[in-house]
Amino acid sequence: MKKRIGVLVSGRGSNFEALADSVARGRIPNAEIVIVVSNREDAPAIEKARLRGIEARSIPSKGLEREAYDKLVVAALSEKKVDLVCLAGYLRLLSPYFVNAFRGRILNIHPSLLPAFPGLESQRQALEHGVKFSGCTVHFVDENLDAGPIVLQAVVPVEDDDTPETLAARILREEHRIYTEAVRLVLEGRTRIVGRRVLLVS
Ligand code: GRF
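With positions in the sequence shown counted from 1, the corresponding number in our numbering is that position plus 362.
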């Protein structure tokens, strides 16, 4: 049976596209993306999903408490029998209700070497801090922001003439690569969480 992936987005959707390409080309074997959910109706990712023939739903969050909203999203993911939830530029903190519903089965991609520079505008934070290397992180999601056990990271050099945009573009190429790799490892059952550490088993 193919593993069923649900992707949550809020915007552009380039990480969603990278995952969809990887599934289509067999770099993530025995898997399918069964649903894309956006909290924003105008997210370009929705159209990108539909163009690929993947079901995409926008579930607007306006006026709803965090848990009430998450119940709607969890219901949509459960209805589609999702095995793994991939956050891909999803700009919402998950409630304990959501995390408990899919504990150990939610991944996020973040554009810094966590625990440095969590939250928004990580590339700008990295430049302003003056680090010489930044990168990206795929991690399991828990109740805290950008905080769960780390599956994979990639390091990217910071150049003297970087702007947040040029650094973001260099990091994004690595995001696309390691997100695919992390999803493959998790779906193949090759990750074991021990405390804060994610060990790779063969
Ligand atoms: C990426 O940089 C991702 O790491 C961060 O938000 C951005 C989303 O970009 N969480 P996209 O929508 O996947 O193109």
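The C-beta atom is built at its ideal place from N, Cα and C for all residues, glycine as well. Keep in mind it's a predicted model, so treat the numbers as computed, not measured.
Give me the DSSP bridge partner(s) of V517. In the sequence shown, the residue the question calls residue 517 occupies position 155. Looking at the DSSP assignment, V517 forms a beta bridge with G497.
Rounded to whole angstroms, what's the CA-CA distance from V503 to A478? Just pull it up for me. On the sequence shown, position 141 is the one that residue 503 refers to. On the sequence shown, position 116 is the one that residue 478 refers to. If I take the Cα positions, the gap works out to 16 Å.
Which residues in the same chain have their Cβ closer than 7 Å to the Cβ of A393, if we skip the five residues on either side of it in sequence? The count along the sequence shown starts at 1 and reaches residue 393 at position 31. The answer, listed in chain order, is K364, K365, I367, V385 and L549.
Count the other CB atoms within 10 Å of the CB of T542; is the residue buried (16 or more) or exposed (fewer)? Against the sequence shown, residue 542 aligns to sequence position 180. Looking at its Cβ environment, which holds 16 or more other Cβ atoms inside 10 Å, T542 is buried.
Would you tell me roughly how many angstroms separate the C-alpha atoms of Y452 and N470, rounded to the nearest one? Here residue 452 refers to the residue found at position 90 of the sequence shown. Here residue 470 refers to the residue found at position 108 of the sequence shown. Straight-line Cα distance between these residues: approximately 9 Å.
Report yes or no: do three or more beta-carbon pairs, one from the stretch 456 to 464 and one from the stretch 414 to 423, lie closer than 8 Å? no
Alpha carbon to alpha carbon, how far is G373 from R559? Sequence index remark: in the sequence shown, residue 373 carries index 11 (1-based). Sequence index remark: in the sequence shown, residue 559 carries index 197 (1-based). Using only the alpha carbons, I get a separation of about 30 Å.
Which ranges would you report for the alpha helix (DSSP H) in the stretch 386 to 460 if only whole runs of at least 4 residues count? 406 to 413 and 428 to 441
Please list the terminal residues of the continuous alpha helix (DSSP H) segment that includes T528. On the sequence shown, residue 528 is found 166 positions in, with the first residue counted as 1. Start and end: P526 to L549.
State the DSSP-derived secondary structure class of R552, mapped to helix, strand or coil. Against the sequence shown, residue 552 aligns to sequence position 190. Three-state DSSP puts R552 in coil, outside helix and strand.
What three-state label does DSSP hand F502 in the structure shown? Against the sequence shown, residue 502 aligns to sequence position 140. Note: F502 maps to strand in three-state DSSP.
Given V500 as reference, the closest of S564, R552 and I540 once Cα atoms are compared: Counting from 1 along the sequence shown, the entry for residue 500 is found at position 138. Residue I540 is the option with its Cα nearest to V500.
Nearest to E379 by alpha carbon, out of P458, L456 and E409? As a working note, residue 379 is residue 17 in the sequence shown. E379 has its Cα closest to that of E409, out of P458, L456 and E409.
Looking at ligand 1, does it come within less than 7 Å of C498, judged from the CB to the closest heavy atom? Position 136 of the sequence shown, counted from the start, is the residue given in the question as residue 498. It does: the Cβ of C498 is within 7 Å (strictly closer) of some heavy atom of ligand 1.
Taking the beta strand (DSSP E) that R559 belongs to, which residues open and close that run? Numbered from 1 along the sequence shown, position 197 holds the residue referred to as residue 559. Taken as a continuous stretch (DSSP letters only), the beta strand (DSSP E) holding R559 covers R559 to L562.
Would a C-beta distance cut-off of 8 Å place I390 and V545 closer than the cut-off? Working through the sequence shown from its first residue, we reach residue 390 at position 28. Working through the sequence shown from its first residue, we reach residue 545 at position 183. Cβ distance < 8 Å, so I390 and V545 count as in contact.
Give a single yes or no on whether P473 has its beta carbon closer than 7 Å to a heavy atom of ligand 1. Along the sequence shown, one-based indexing puts residue 473 at 111. Answer for P473: yes, Cβ within range of ligand 1.
Rounded to the nearest angstrom, what separates S457 and G492 at their Cα positions? Numbered from 1 along the sequence shown, position 95 holds the residue referred to as residue 457. Numbered from 1 along the sequence shown, position 130 holds the residue referred to as residue 492. Answer to the nearest angstrom: the Cα atoms are 33 Å apart.
Where R486 falls: helix, strand or coil (DSSP): For the purposes of this step, residue 486 is taken as the residue at position 124 of the sequence shown. Of the three classes helix, strand and coil, the one that applies to R486 here is helix, per DSSP.
Spatial distance of R341 from T525 (CA atoms): In this structure the chain extends from 363 to 564, so residue 341 is not present and cannot be described.
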